[in-house]
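So in the working numbering, spot 116 of the sequence shown is number 112, and the numbers just go up one at a time.
Where a beta carbon is used, it is the ideal one built from N, C-alpha and C, also for glycine.
Reading through the structure tokens given below for one structure.
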Amino acid sequence: MAKNSSRPFIALGLHHSRSVYMQIIRNRRISESQWRHVPEGALVDEHCTNPGDAVIVALADWRQKKAELLRRITPPGVRLVAGDAIDDIADDLNSIALVALEFASVTEGRGYTQARVLRERYGYQGEIRAIGDVSRDRLAFMERCGFDAYELRQDCDLQDALKAFSEISLVYQSAADEQPAIASQRV
-3 MAKNSSRPFI ALGLHHSRSV YMQIIRNRRI SESQWRHVPE GALVDEHCTN PGDAVIVALA
57 DWRQKKAELL RRITPPGVRL VAGDAIDDIA DDLNSIALVA LEFASVTEGR GYTQARVLRE
117 RYGYQGEIRA IGDVSRDRLA FMERCGFDAY ELRQDCDLQD ALKAFSEISL VYQSAADEQP
177 AIASQRV
């Protein structure tokens, strides 16, 4: 396995190499992300080698360039920050393949609520990806809220992070994952 220092990295920007993709955790497995983050306000075509490239754009760019993005071969992904409302994309969820929810810091928790709203209120079946300040210790909680993909910080070991999903066996409240809370398991 490659060391962390050799993993391709993006900082809410571009892959430094157009031919190398970032490793992420998706559905509890390490895989290469085929998605490219396009910086807010940038031209999509400047960051993609072909029209089939999968792109993640900021909410503001989705609003401004929706028609152009929908003409692409691969349905787009939309990146939301903590202050963005899910309602802003609710009518478009059938056209959005991925929603990336950004955690600006470890103390930011609104992404958990955004993920639950996507899954529970809107029945969103696409990928919900955690990006930004994402670390091993929060993965199980993120998964319970509806996340299924994670771009971990560069200092996190992906292989070690996989263990986080099985470390919590009892939960105290219900969540999007429908795992029964401990109170409902009493005999």
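Check	Outcome
Taking 8 Å as the threshold (beta carbon to beta carbon), is THR109 in contact with chain B?	In the displayed structure, chain B is absent; only one protein chain is listed.
By how many angstroms is the C-alpha of GLY37 removed from the C-alpha of GLY185?	The chain is shown only over -3 to 183; residue 185 falls outside these bounds and no answer can be derived.
How would you call GLU147, buried or exposed, if buried means at least 16 neighbouring beta carbons within 10 angstroms?	buried
Given that a residue counts as buried once 16 or more other Cβ atoms are within 10 Å of its Cβ, and exposed if not, what is ARG24?	exposed
Helix, strand or coil: which one does DSSP assign to GLN19?	strand
Using beta-carbon positions only, say whether TYR118 and ALA81 come within less than 8 Å of one another.	no
For ARG75, which of VAL51, LEU154, ALA136 and PHE137 has the nearest alpha-carbon?	VAL51
Per DSSP, what kind of secondary structure is ILE92 in: helix, strand or coil?	coil
With 16 other CB atoms within 10 Å as the buried threshold, where does GLY48 fall?	exposed
By Cβ distance below 8 Å, which residues in the same chain neighbour TYR108 in space, the five residues on each side in sequence not counted?	PHE137, MET138 and CYS141
Please classify ALA157 as buried or exposed, where buried requires at least 16 other C-beta atoms within 10 Å of its C-beta.	buried
Tell me whether ALA38 sits in a helix, a strand or coil according to DSSP, three-state version.	coil
How would you label ILE124, buried or exposed, when you count the other beta carbons within 10 angstroms and need 16 or more for buried?	buried
Using CA atoms only, rank isn't needed, just tell me which of ALA78, ILE92, ASP57 and GLN19 is closest to ILE69.	ILE92
For ASN46, which option in GLN30, ILE20 and TYR120 has the closest C-alpha, if you only look at C-alpha atoms?	GLN30
In three-state terms, what does DSSP make of VAL53?	strand
Measure the C-alpha to C-alpha separation of THR103 and ALA54 and round it to an integer number of angstroms.	22 Å
Between LEU97 and ALA56, how many whole angstroms is the CB-CB distance? I'm expecting something under 8 Å.	At roughly 16 Å, the Cβ-Cβ gap does not stay under 8 Å, so LEU97 and ALA56 are not in contact.
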